[in-house]
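Chains L and G, in that order, are what the protein sequence lines are.
Start counting the first sequence at 1; every next residue gets the next number (my numbering).
Start counting the second sequence at 1; every next residue gets the next number (my numbering).
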Amino acid sequence: MENAALYIALAGLFGLFMAWGIGANDVANAMATSVGSKVLTVKQALLVAAIFEFTGAVLAGGEVTATVRKGIVDAGLFSEQPELLIFGMLAALLAAGTWLLIASQRGWPVSTTHSIVGAIVGFAVVAIGLDAVKWGKIASIAASWVISPVIAGVIAFALFNSVQWLILSRPDPLARARRFVPFYIFLAVFMISLVTALKGLKHVGLDLELTELLAISVTVSILVAVIGKVFINRIKVDPESDREFHFHSVERVFAVLMVVTACGMAFAHGSNDVANAIGPLAAVISVAQSGVVDQSAKLPLWVLMLGAGGIVFGLATLGYKVIATVGRRVTELTPTRGFAAELAAASTIVVASGTGVPISTTHTLVGAVLGVGLARGIAAIRLGVVGQIFLSWLVTLPVGAFLAIVFFLILRAIFG
Amino acid sequence: MAGYFHKIFGESPVLPIQEHCGLCYQAANAMLDMLRHAAEGDWVKAEEGRARVVEFEHRADSLKKEVRSKLPGGMFMPVAREDLLELVIVQDKIANSARDISGLVFGRKMTIPEPIRDSFLAYAKRNVDAAKVASKTIRELDELYEAGFKGKETEVIGKLIDELDEIENETDDLQVNIRQELQALEKQLDPIDVMFLYRVIELLGDIADRAQSVGRRLEILMGR
Numbered sequence: 001m002e003n004a005a006l007y008i009a010l011a012g013l014f015g016l017f018m019a020w021g022i023g024a025n026d027v028a029n030a031m032a033t034s035v036g037s038k039v040l041t042v043k044q045a046l047l048v049a050a051i052f053e054f055t056g057a058v059l060a061g062g063e064v065t066a067t068v069r070k071g072i073v074d075a076g077l078f079s080e081q082p083e084l085l086i087f088g089m090l091a092a093l094l095a096a097g098t099w100l101l102i103a104s105q106r107g108w109p110v111s112t113t114h115s116i117v118g119a120i121v122g123f124a125v126v127a128i129g130l131d132a133v134k135w136g137k138i139a140s141i142a143a144s145w146v147i148s149p150v151i152a153g154v155i156a157f158a159l160f161n162s163v164q165w166l167i168l169s170r171p172d173p174l175a176r177a178r179r180f181v182p183f184y185i186f187l188a189v190f191m192i193s194l195v196t197a198l199k200g201l202k203h204v205g206l207d208l209e210l211t212e213l214l215a216i217s218v219t220v221s222i223l224v225a226v227i228g229k230v231f232i233n234r235i236k237v238d239p240e241s242d243r244e245f246h247f248h249s250v251e252r253v254f255a256v257l258m259v260v261t262a263c264g265m266a267f268a269h270g271s272n273d274v275a276n277a278i279g280p281l282a283a284v285i286s287v288a289q290s291g292v293v294d295q296s297a298k299l300p301l302w303v304l305m306l307g308a309g310g311i312v313f314g315l316a317t318l319g320y321k322v323i324a325t326v327g328r329r330v331t332e333l334t335p336t337r338g339f340a341a342e343l344a345a346a347s348t349i350v351v352a353s354g355t356g357v358p359i360s361t362t363h364t365l366v367g368a369v370l371g372v373g374l375a376r377g378i379a380a381i382r383l384g385v386v387g388q389i390f391l392s393w394l395v396t397l398p399v400g401a402f403l404a405i406v407f408f409l410i411l412r413a414i415f416g
Numbered sequence: 001m002a003g004y005f006h007k008i009f010g011e012s013p014v015l016p017i018q019e020h021c022g023l024c025y026q027a028a029n030a031m032l033d034m035l036r037h038a039a040e041g042d043w044v045k046a047e048e049g050r051a052r053v054v055e056f057e058h059r060a061d062s063l064k065k066e067v068r069s070k071l072p073g074g075m076f077m078p079v080a081r082e083d084l085l086e087l088v089i090v091q092d093k094i095a096n097s098a099r100d101i102s103g104l105v106f107g108r109k110m111t112i113p114e115p116i117r118d119s120f121l122a123y124a125k126r127n128v129d130a131a132k133v134a135s136k137t138i139r140e141l142d143e144l145y146e147a148g149f150k151g152k153e154t155e156v157i158g159k160l161i162d163e164l165d166e167i168e169n170e171t172d173d174l175q176v177n178i179r180q181e182l183q184a185l186e187k188q189l190d191p192i193d194v195m196f197l198y199r200v201i202e203l204l205g206d207i208a209d210r211a212q213s214v215g216r217r218l219e220i221l222m223g224r
């Protein structure tokens, strides 16, 4: 194809821009709970986020990438003019990235996922027509945006209730925390490692039997739980602080658990959100290299690495500051609450990633926080802000679509 | 650049409420000190005491306003917003009583008749004890939030509330006694002074009543 190298270079650039935006801003919401509850310092959070966002993106980001790349538009309709698909995907990346940048600077709650989906739908309608969009798939994605916060909320509610029932309402909460927290660690690691094992290992060239995958997940989970137990046993009781606040030591036990769920949250975020940046990039590469719209082209590993690297780069340049500001204000989530919210959100997100559904990380986390609130676990939640966050995607979809259309027309005028 | 996730969290009202209750108890305690000096006729120290009562009462007042501003409408909380505001109002009345009593006693330079002085001070102290237990009960509020209003912590608070009820009953009995003692003396005293002594005794009794109401409000919070 003519200009193939240029298209790929542009797509790489725009994809990197988008991934940078995700790392600079979106990750803060995922990590803020851990920093806010003083379990991790900002530097530690940055390190955890960098490592686990990267592994999450590379190991479990493939399925969602596939959806963004070829699940939303009917690529078959582009086979006459494959360039249109390239212009469209470039426009979508540019639109979502631009919108993300504007919204971030204004402090508006937008979702990267909603931006990119809106953008892809927008260019497809203008380039080919309404038929080009797989509306059934769009409907199921939109439904998942409603369902994912609800599911996360229900899980968080159940988790926090179990903590109340097993630990906090008992006469000896500290002893019980020491006993039960390793099980929660097991649960958290198992959830995430199983999805990774089922969906992620084949991306790095490992193809194993189901029983082997299960065995690996269980072993890893037990290992982490045992390590966690060692740390929990090392916690010394501080009678002075305990007299002031009886649950002080209990919270410190849960802090160990929250380190694990923070890793899980970063992993889950990487697995779902990297696709927003590299899904369109992957589509451009496959079309530009082959010159035809090939639905079956394999996702090159370097593309996942590029997206993951972009997120880490965004984290290192700007995300650092955002985590520090946001984290300072989320002090209401103590480790007993924060873990329930993070584990519920992370589980929901990795399952969605495993099944290839692009969902909004922040919305899922907000749903989980509401679940903890419903279990009488949070002092005060501003319902107005919650409503604003949930409603924002209604705005983001048409804006993403509009920007994508504008960029698409410009790109077509330049290259077409 | 700023995230928005943190904006969904409102500030917890627990700490200011606890601090407020502590200040109300301190106001009552300063009043007790002031009464002791007044009973000894040391009006210089009594005036200092009176100033401290007023200061604690002022601080409690501004904290009360702060709590209110932290609880705007549209908050989703584990307890009803009205119940929390009501709790602060009841707490605040303890400080108000202390201010009124110290103002009255100092303003009129009231003397406590020698024969009832000890039982008067003992009665005053018991009322302030009730305020102390109320403040101790409110100090369990953060644990109550932490435990999600369930289990062992509600028992701990239940016991403290029982203690409050006991002290309040005791102050009722003490009040009956001191009124009788005063009645036996009243013919020998200036009628207007006696009138105001009865008034002070009544106001002192309010402190234990209000401390007991703090316990009641806390029970309502837990019961939702």
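Yeah, the Cβ is synthetic: ideal placement off N, Cα and C, and Gly gets one too.
It should be emphasised that the depicted structure is a prediction, and the values quoted were computed from it without experimental measurement.
In chain G, what lies closer than 7 Å to residue i by C-beta?
i, result
"E332(L)", "F9 and S12"
"H246(L)", "E143"
Apart from the five residues just before and just after residue i, which ones in its own chain have a Cβ nearer than 6 Å to its Cβ?
i, result
"R69(L)", "G279, A282 and A283"
"G327(L)", "A32, V35 and G36"
"A375(L)", "F157, F160 and N161"
"K70(G)", "E11 and P13"
"L35(G)", "A124"
"L221(G)", "V79 and D83"
"G228(L)", "P182, I185 and V256"
"A404(L)", "A91, A92, A95, A119, G122 and F123"
"A340(L)", "A156, L159, F160 and V372"
Beta-carbon of residue i versus every beta-carbon of chain L: anything under 8 Å?
i, result
"Y123(G)", "no"
"A2(G)", "Caution is warranted here: a pLDDT of 49 is assigned to A2(G), below 50, making its placement in the model unreliable, and no coordinate value can be reported."
"G158(G)", "no"
"E146(G)", "yes"
Assign residue i to buried or exposed, taking buried as 16 or more other Cβ atoms, counted over all protein chains shown, within 10 Å of its Cβ.
i, result
"R50(G)", "buried"
"E209(L)", "exposed"
"D142(G)", "buried"
"K105(G)", "Note that residue 105(G) corresponds to Val in the displayed sequence, not to Lys. By the 10 Å Cβ count, V105(G) comes out buried."
"V214(G)", "buried"
"W99(L)", "buried"
"L206(L)", "exposed"
"A9(L)", "exposed"
"E332(L)", "buried"
"P109(L)", "buried"
"R210(G)", "buried"
"G387(L)", "exposed"
"L397(L)", "buried"
"K64(G)", "buried"
Could you work out which residues of chain L lie near residue i, taking near to mean beta carbons separated by less than 8 Å?
i, result
"P78(G)", "G373, R376, G377, I378 and A379"
Looking only at C-alpha atoms, which of the options sits nearest to residue i?
i, options, result
"N276(L)", "A288(L), I311(L) and L208(L)", "I311(L)"
"G97(L)", "F78(L), A119(L) and L84(L)", "A119(L)"
"G314(L)", "A19(L), F183(L) and M1(L)", "A19(L)"
"L343(L)", "F190(L), V395(L) and G356(L)", "F190(L)"
"S79(L)", "V293(L), F339(L), L397(L) and V322(L)", "V293(L)"
"P72(G)", "L383(L), A175(L), L409(L) and M265(L)", "L383(L)"
"V73(L)", "A139(L), G270(L) and V58(L)", "A139(L)"
Excluding five sequence neighbours on each side, which residues of the same chain lie with their C-beta closer than 8 Å to the C-beta of residue i?
i, result
"L101(L)", "G21"
"L194(L)", "L213, L214 and S217"
"F196(G)", "L104, R108 and M110"
Starting from residue i, find everything on chain G with Cβ-Cβ shorter than 8 Å and list it in chain order.
i, result
"P398(L)", "Within chain G, no residue comes near P398(L); the closest Cβ sits about 20 Å away, beyond 8 Å."
"L383(L)", "G74, M75 and F76"
Report all residues from its chain with a CB closer than 7 Å to the CB of residue i; omit the five preceding and five following residues, and keep chain order.
i, result
"F180(L)", "L166 and I167"
"P173(L)", "I167, F247 and V250"
"I167(G)", "R126, D129, A130, V133 and A208"
"V150(L)", "G367"
"F408(L)", "F87, G88, A91, F123, V126 and A127"
Under a CB-based cut-off of 8 Å, is residue i close to chain G?
i, result
"S360(L)", "no"
"L343(L)", "no"
"I22(L)", "no"
"V386(L)", "yes"
"R329(L)", "yes"
"A316(L)", "no"
"A32(L)", "yes"
Using a C-beta to C-beta distance shorter than 9 Å, which residues of chain G count as neighbours of residue i?
i, result
"L365(L)", "F5"
I want to verify the contact list: residues of chain L whose CB lies under 9 Å from the CB of residue i, in sequence order.
i, result
"E219(G)", "The premise fails here: E219(G) is roughly 16 Å from chain L at the closest Cβ pair, so nothing lies under 9 Å."
Starting from residue i, find everything on chain L with Cβ-Cβ shorter than 7 Å and list it in chain order.
i, result
"K152(G)", "S169, R170 and P171"
"F149(G)", "R376"
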